[in-house]
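2 protein chains.
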Amino acid sequence: MNIILLDPNNTLADGLYGLTQRQQTHISKVIKANRGDVLRVGMLNGKIGEGIYEPPSEDRAGYIHSLNLISLPPKPLPMVLVMALPRPNMLKRTLQNITAMGVKDLYLIHSAKVEKSYWQSPVLQTESIQQCLLEGLEQAKDTVMPNWSLIPRFRPFVEDQLPAILEDKVGLLAHPYLAKPCPINIQQPCVLALGPEGGWNEFEVSKWHEAGMESVHLGDRILKVETVVPVLLSRLYPA
Amino acid sequence: MNIILLDPNNTLADGLYGLTQRQQTHISKVIKANRGDVLRVGMLNGKIGEGIYEPPSEDRAGYIHSLNLISLPPKPLPMVLVMALPRPNMLKRTLQNITAMGVKDLYLIHSAKVEKSYWQSPVLQTESIQQCLLEGLEQAKDTVMPNWSLIPRFRPFVEDQLPAILEDKVGLLAHPYLAKPCPINIQQPCVLALGPEGGWNEFEVSKWHEAGMESVHLGDRILKVETVVPVLLSRLYPA
Chain A
15 MNIILLDPNN TLADGLYGLT QRQQTHISKV IKANRGDVLR VGMLNGKIGE
65 GIYEPPSEDR AGYIHSLNLI SLPPKPLPMV LVMALPRPNM LKRTLQNITA
115 MGVKDLYLIH SAKVEKSYWQ SPVLQTESIQ QCLLEGLEQA KDTVMPNWSL
165 IPRFRPFVED QLPAILEDKV GLLAHPYLAK PCPINIQQPC VLALGPEGGW
215 NEFEVSKWHE AGMESVHLGD RILKVETVVP VLLSRLYPA
Chain B
15 MNIILLDPNN TLADGLYGLT QRQQTHISKV IKANRGDVLR VGMLNGKIGE
65 GIYEPPSEDR AGYIHSLNLI SLPPKPLPMV LVMALPRPNM LKRTLQNITA
115 MGVKDLYLIH SAKVEKSYWQ SPVLQTESIQ QCLLEGLEQA KDTVMPNWSL
165 IPRFRPFVED QLPAILEDKV GLLAHPYLAK PCPINIQQPC VLALGPEGGW
215 NEFEVSKWHE AGMESVHLGD RILKVETVVP VLLSRLYPA
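Taken in sequence, the protein lines are chains A and B.
Taken in order, the first sequence gives residues 15 to 253; the numbers are from the numbering used here.
Taken in order, the second sequence gives residues 15 to 253; the numbers are from the numbering used here.
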């Protein structure tokens with residue numbers, strides 16, 4: 015947790031912001047802050063700066079006051095990420111990492127090679143996803159919550175929703191067959207579609223192409239999902 | 015395991031190559047190959063191509079024969095990576111991932127903020143490290159084993175070994191304070207030094223600078239080690 019993210023809905027009184035259990039534990043056990051210490055804080059979806067810490071007492075929880083929020087959060091990646099739903103045990107870390115890197119628009123989509131059971135995972139519940147995204151923001155010192163949607167049906171999304179999403183954006187399908195090299199430093203918005211571990215199937219690829227997405231590859235090396243995502247994002251938007 | 019890497023030292027007879035237990039298990043349970051099936055194989059430190067599978071029988075183990083090795087492995091990253099020793103539970107995955115990305119020269123070095131206990135981890139034994147590197151090669155369909163050294167003492171390395179290593183290379187210190195942005199697509203060899211989670215200390219930074227390394231940063235976002243490494247490597251050598 016590299017920043018304490020305050021929720022405007024968690025105002026205890028004018029200028030006094032409550033802390034979640036996680037935050038209180040981090041402040042007490044990791045930062046080991048005392049009364050009056052200045053902490054790095056940010057307002058959810060707002061600015062970043064400092065606030066003063068008031069520890070919990072017998073009859074009330076700890077809080078932050080005297081906020082001085084002056085900096086803008088880091089700039090977002092100008093992209094929409096459409097990602098085949100990862101395995102449940104990869105999902106949390108994946109969501110944290112893409113959020114930390116600055117993805118603000120995310121669709122988690124079904125694909126033939128995504129096990130149907132993944133869609134039943136408790137990690138997909140709203141509070142659980144929000145928590146992963148929050149942890150990504152706290153890691154990266156960002157404040158702006160990504161927007162996200164679950165897309166359990168591939169075809170209606172690609173046929174009906176994707177065209178509007180693709181307007182004014184380059185469409186890139188991470189699919190290393192009959193593909194051109196993934197462009198470097200594209201300096202324009204994109205829609206990036208990442209397949210499941212087994213790849214998109216032929217039907218899915220044809221649908222993506224029909225919608226205007228181009229297949230791109232990352233070279234000869236086959237990388238794990240956890241590596242492919244930062245490599246792709248860093249290649250498209252290195253700075 | 016995206017390729018079966020054969021060991022020239024594991025020749026059973028002319029043109030017949032033995033399989034390790036791991037390989038046999040993968041071929042039997044994941045690939046589910048039968049006698050005569052053509053598998054993607056590579057020779058350790060050699061070329062890539064195909065070979066024919068002979069399953070185990072009652073009195074002998076399985077093997078590969080009739081090799082046809084025609085392709086070169088993917089090109090390596092033209093860099094030397096000097097990395098503060100990661101936590102034991104991060105080390106395996108880190109070694110696999112940097113190998114999969116094409117790092118061929120690796121130094122694992124001590125730093126003030128590396129717990130001394132990490133140096134006692136069984137993961138640091140030679141066979142264990144070789145195994146991690148091998149798994150990285152198998153992931154990426156590469157054959158060339160990285161060279162690696164353990165450097166338990168920081169100062170002698172930076173003072174005595176580094177100058178020769180740095181010749182004809184750009185020296186980059188991943189250290190986000192008073193740093194310039196990490197260059198993109200450098201198209202020349204480099205030495206990249208990555209610190210521990212808490213960062214290099216002042217003394218260490220001054221030693222790196224004395225030796226000719228320049229501090230570089232990746233922007234405002236603080237990323238986890240597992241993300242920073244692919245981001246950095248991809249930024250320096252995107253293609």
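Backbone N, C-alpha and C fix where the C-beta goes; we use that ideal spot for every residue, glycine too.
Alpha-carbon to alpha-carbon, residue j and residue i
i        : j        : result
A/Gln145 : B/Arg54  : 42 Å
B/Leu33  : A/Gln202 : 48 Å
A/Glu240 : B/Ala193 : 27 Å
B/Arg36  : B/Tyr67  : 15 Å
B/Val137 : B/Ile143 : 7 Å
A/Leu91  : A/Glu173 : 25 Å
B/Val184 : B/Met227 : 8 Å
A/Asp182 : A/Val94  : 12 Å
A/Pro69  : A/Pro190 : 53 Å
A/Ala27  : A/Tyr121 : 37 Å
B/Gly29  : B/Pro177 : 44 Å
A/Arg107 : B/Gly56  : 32 Å
B/Ser131 : B/Pro102 : 9 Å
A/Leu83  : A/Pro22  : 13 Å
A/Gly233 : A/Ile17  : 37 Å
B/His79  : B/Gly50  : 9 Å
B/Gln175 : B/Glu216 : 20 Å
A/Met115 : A/Lys221 : 28 Å
A/Ser71  : A/Pro197 : 56 Å
A/Lys46  : B/Pro195 : 32 Å
B/Val242 : B/Gln153 : 20 Å
A/Met97  : B/Asn48  : 35 Å
A/Trp214 : B/Leu208 : 35 Å
Residue i and residue j closer than 8 Å at C-beta
i        : j        : result
A/Pro88  : A/Lys155 : yes
A/Ile165 : A/His124 : yes
A/Leu20  : A/Leu151 : no
B/Leu237 : B/Leu206 : no
A/Phe171 : A/Glu218 : no
B/Val1   : B/Leu99  : There is simply no residue 1 of chain B to check, as chain B begins at 15 and stops at 253 in what is shown.
B/Leu58  : B/Thr140 : no
A/Pro244 : B/Pro244 : yes
A/Gln38  : A/Ala75  : yes
Residues near residue i in its chain [Cβ-Cβ closer than 8 Å; skip 5 each side]
i        : result
A/His223 : Leu187, Ser229
A/Leu147 : Leu109, Gln110, Thr113, Met159, Pro160, Trp162
A/Ser85  : Lys61, Ile62, Gly63
B/Val117 : Pro90, Leu91, Met93, Leu95, Pro160, Leu247
B/Gly212 : Lys127
B/Met104 : Val239, Glu240
A/Val44  : Met15
Chain B residues whose Cβ lies nearer than 9 Å to that of residue i
i        : result
A/Asp119 : Chain B residues near A/Asp119: none, gap ~17 Å exceeds 9 Å.
Identity of the residues DSSP links to residue i by a beta bridge
i        : result
B/Trp162 : B/Leu120
A/Val205 : A/Val94, A/Gly185
B/Arg107 : According to DSSP, B/Arg107 bridges with nothing at all.
A/Met57  : A/Leu20
A/Ser229 : A/Leu187
B/Lys12  : Given a span of 15 to 253 for chain B in the structure shown, any question on residue 12 of chain B remains unanswerable.
B/Leu83  : B/Gly63
A/Tyr77  : A/Gly32, A/Glu68
Cut-off 6 Å between Cβ atoms - residues of its own chain near residue i, not counting five sequence neighbours on either side
i        : result
B/Leu81  : Gly65
B/Leu250 : Ile200
A/Asp119 : Val94, Asn161
Partners in chain A for residue i, counting only beta-carbon separations shorter than 9 Å
i        : result
B/Leu237 : Asn111, Ala114, Met115, Gln153, Ala154, Pro244
B/Pro88  : Gly233, Asp234, Arg235
B/Glu228 : Chain A residues near B/Glu228: none, gap ~16 Å exceeds 9 Å.
B/Asn59  : Near B/Asn59 there are no residues of chain A at all, since even the closest Cβ is about 17 Å away, more than 9 Å.
B/Arg54  : Simply none; closest approach about 11 Å.
B/Ala193 : Going along chain A, no residue has its Cβ under 9 Å from B/Ala193, so there is no contact; the nearest lies around 13 Å.
B/Pro160 : Per Cβ cutoff of 9 Å: no residues; B/Pro160 is ~14 Å from chain A at best.
Proximal residues of chain A, C-beta to C-beta of residue i below 7 Å
i        : result
B/Ala188 : None at all; the shortest Cβ gap to chain A is about 14 Å.
B/Pro100 : Going along chain A, no residue has its Cβ under 7 Å from B/Pro100, so there is no contact; the nearest lies around 15 Å.
B/Arg249 : Ser248, Pro252
Same chain, Cβ closer than 7 Å to residue i, five either side skipped, listed in chain order
i        : result
A/His40  : Met15
B/Leu180 : Val205, Ala225, Gly226
A/Asn10  : This structure cannot settle anything about residue 10 of chain A, because the visible part of chain A is limited to 15 through 253.
B/Glu52  : Looking at the sequence provided, one finds Val at residue 52 of chain B rather than Glu. Counting only Cβ-Cβ distances below 7 Å, and skipping sequence neighbours, we find Glu64, Ile66.
B/Ser42  : none
Under 8 Å from the C-beta of residue i: neighbouring residues of chain B
i       : result
A/Asn16 : Ile236
Amino acids of chain B, ordered along the chain, whose beta-carbon sits closer than 7 Å to that of residue i
i        : result
A/Pro166 : Ordered by position in chain B, no residue passes the 7 Å Cβ test against A/Pro166, which lies about 28 Å from the chain.
A/Glu211 : Near A/Glu211 there are no residues of chain B at all, since even the closest Cβ is about 12 Å away, more than 7 Å.
A/Glu240 : Glu240
A/Asn199 : Ile198
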